[in-house]
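Taking the working numbering as reference, the numbering of the sequence shown is continuous, increasing by one, and the terminal residue is 459. Take a look at the structure below.
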Amino acid sequence: MASNFQVIVVGLGIAGAVSAILLERAGIDYVVLERAPQLRRNGTAISLNAQTLRLFEQLGLLDQLLAKAMPLRQIVFFRQKKMTSKNKKSNNNNNNNSNNNNNNLQRLTAIPLDQLEHRHGYPSILLSHADLMETLLAAIPPDRIHWNKRVLDVTEYRACVAVKTQDSTIYDGQIVLGADGAYSAVRHHMFRHLKKRGRFVPDSDFEGRRVRLEMSVAAGTAEHLDRWMYKSLRESTVDMMAIVGDDGPHMAWLLPLKGERICWLVGTKQREIQKARNDHAFRLSEWELRADRSMYDQARDLKLPIAGTLGDLIDRSNSQDIVQVMVDEKCFKTWFSDRMVLIGDGATQAILDAVCLVNLLHQMPKTTNREIHRIFSTYYDQRYPVVQSALQSSNMIAGLAAKTGKVANMARKIASTLIPQAAMTYALDRLMVHRPIASFLPPPPARGKVLPRTQTSMV
Numbered sequence: 001m002a003s004n005f006q007v008i009v010v011g012l013g014i015a016g017a018v019s020a021i022l023l024e025r026a027g028i029d030y031v032v033l034e035r036a037p038q039l040r041r042n043g044t045a046i047s048l049n050a051q052t053l054r055l056f057e058q059l060g061l062l063d064q065l066l067a068k069a070m071p072l073r074q075i076v077f078f079r080q081k082k083m084t085s086k087n088k089k090s091n092n093n094n095n096n097n098s099n100n101n102n103n104n105l106q107r108l109t110a111i112p113l114d115q116l117e118h119r120h121g122y123p124s125i126l127l128s129h130a131d132l133m134e135t136l137l138a139a140i141p142p143d144r145i146h147w148n149k150r151v152l153d154v155t156e157y158r159a160c161v162a163v164k165t166q167d168s169t170i171y172d173g174q175i176v177l178g179a180d181g182a183y184s185a186v187r188h189h190m191f192r193h194l195k196k197r198g199r200f201v202p203d204s205d206f207e208g209r210r211v212r213l214e215m216s217v218a219a220g221t222a223e224h225l226d227r228w229m230y231k232s233l234r235e236s237t238v239d240m241m242a243i244v245g246d247d248g249p250h251m252a253w254l255l256p257l258k259g260e261r262i263c264w265l266v267g268t269k270q271r272e273i274q275k276a277r278n279d280h281a282f283r284l285s286e287w288e289l290r291a292d293r294s295m296y297d298q299a300r301d302l303k304l305p306i307a308g309t310l311g312d313l314i315d316r317s318n319s320q321d322i323v324q325v326m327v328d329e330k331c332f333k334t335w336f337s338d339r340m341v342l343i344g345d346g347a348t349q350a351i352l353d354a355v356c357l358v359n360l361l362h363q364m365p366k367t368t369n370r371e372i373h374r375i376f377s378t379y380y381d382q383r384y385p386v387v388q389s390a391l392q393s394s395n396m397i398a399g400l401a402a403k404t405g406k407v408a409n410m411a412r413k414i415a416s417t418l419i420p421q422a423a424m425t426y427a428l429d430r431l432m433v434h435r436p437i438a439s440f441l442p443p444p445p446a447r448g449k450v451l452p453r454t455q456t457s458m459v
């Protein structure tokens, strides 16, 4: 049986959920197709800041998010020094004292974030992925979400597009919005249609090419922790911590959460890996429910700056919620075809993609191929340079934490001692000035010393 909608959203992660909320508020007919039978819990956490919190205030969700989040004070980078006979002996002597477990950790540098609320109107916050998704789903009418709908085929016609799911249901619409990850089903079918029609797609956009997967990351959340053992659980603001070790390929991130919880992430560096095609490639694009235990168990002995070892946190985590993903940070060059358009899969940039695209769709006078192409082209022109810049910044910060060797240590030393605070503030101001909102809703109050940039998502 076929159902007709204006916009068919494929995927109900952060990108799909925010897109659905915006489409609902814009009065645009839509449906969300999610292949999972229900919301899948995972042990990851999310960092949000003024770039997205201004939109959430406009949508009436800010207070709910702040109630579930911890304000972020700074990002601190640590190095676990290579174990020598001398510091091994020192660690053994202090083995019974948890406060001395971090004797071989060297603090490298920190990125202060506690002035962001004064400058940009909103704090940086940490909250669990589950808490964020719970808040977003509550803002979407339940009948708009169709669960257990795995997309088998997407076919573009002259005046519409049809999506077929595994239960043989066909959804007809004007536009398909792919929010199902970097290596998505929508992207796969979009490339197939472009190739069939002789359209150019860069080789770098195809899933089967050989790419450098920077690392495999497992994540979980330790719960019911002792507030007196972990000082960060007793504080009103928290530090995000990154630890890189000299002795092995592992690095870790710690994200203290509200409710006596700490989210942990373990990254294992990879060599060149041949990506698989089709279904396997789709699986690599998102957090999986079952992580490879052998991968994160190898990092159990990693000393933590807060107390104890990573193994202590792993043991207090629900194994069913520990998830894994292969990290391949890249920016695809092909974002749309005739009636299919894609949204990124990173939290902040995906939200910014969604608000830009829905603003443009709200202003679209009719759904002719020409109008849709104009809207999609404007969306690409506005978002692609921003996403590229954000990816470069993300890679720079990740490099500070994950790379080893003399060059990496020198880069961290430069970042910690030679870059003045004013330069860091300037860089953050340039990033946070981009705080877009829905153009079809009343704006939130003006906040912060540094005002947001005038929006350009207008036709």
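Backbone N, C-alpha and C fix where the C-beta goes; we use that ideal spot for every residue, glycine too.
Report yes if the C-beta distance between residue i and residue j is below 7 Å; otherwise report no.
i	j	result
M295	A218	yes
P225	S19	The question names Pro, but residue 225 in the sequence shown is Leu. Not in contact: L225 and S19 (Cβ atoms no closer than 7 Å).
A110	Q80	no
T44	H129	yes
A242	F77	yes
N148	V323	no
Q455	P443	no
V161	V10	no
R107	V32	no
L126	S184	no
L360	T378	yes
H120	G448	yes
Y122	L66	no
S124	L136	no
How would you label residue i, buried or exposed, when you count the other beta carbons within 10 angstroms and need 16 or more for buried?
i	result
Y157	exposed
D131	buried
D180	buried
Y30	buried
M229	exposed
A69	buried
Q320	exposed
P256	buried
A354	buried
E371	exposed
Does the ligand PLP have even one heavy atom less than 6 Å from the beta-carbon of residue i?
i	result
D381	The ligand PLP is not among the ligands present in this structure, which contains no ligands whatsoever.
How many Å lie between residue i and residue j at the Cα?
i	j	result
D381	I170	32 Å
M240	L310	15 Å
A26	K303	49 Å
K231	C263	15 Å
D167	L72	44 Å
M432	T348	12 Å
Q174	A390	31 Å
L23	R40	23 Å
R316	E260	11 Å
R35	V151	7 Å
S375	V387	For clarity, residue 375 is Ile in the given sequence; the question names Ser instead. Computed Cα separation, rounded: 18 Å.
L342	A222	34 Å
A427	A307	32 Å
R453	G16	25 Å
S439	D301	50 Å
E197	R339	Sequence inspection shows Arg at residue 197; the Glu mentioned does not correspond to that position. So the two alpha carbons sit approximately 14 Å from each other.
Just to confirm the assignment, what range does the alpha helix (DSSP H) spanning residue i have?
i	result
I75	Looking at the DSSP string, I75 is not in any alpha helix (DSSP H); the run it does join, the beta strand (DSSP E), is M70 to Q80.
A354	A347 to H362
Y296	R293 to D297
A446	Note, A446: premise wrong, no alpha helix (DSSP H); not H, not E.
L65	L62 to A67
V433	First-last for V433: undefined, no H or E at that position.
L310	L310 to D315
L33	Not the alpha helix (DSSP H): L33 falls in the beta strand (DSSP E), residues Y30 to L33.
E24	I14 to A26
I want to see whether chain D comes within less than 7 Å of residue i, judged by CB atoms only; does it?
i	result
R316	Here there is only one protein chain, and chain D is not present.
Where do the ends of the beta strand (DSSP E) carrying residue i lie?
i	result
I46	A45 to L48
D153	V151 to E156
A252	H250 to L257
L342	M340 to L342
*At which residue ranges does the region 105-190 contain complete alpha helix (DSSP H) runs of 4 or more residues, listed in the order of the chain?*
Listed in chain order, the alpha helix (DSSP H) runs fully inside the region 105-190 are 116-120 and 129-138, counting runs of at least 4 residues.
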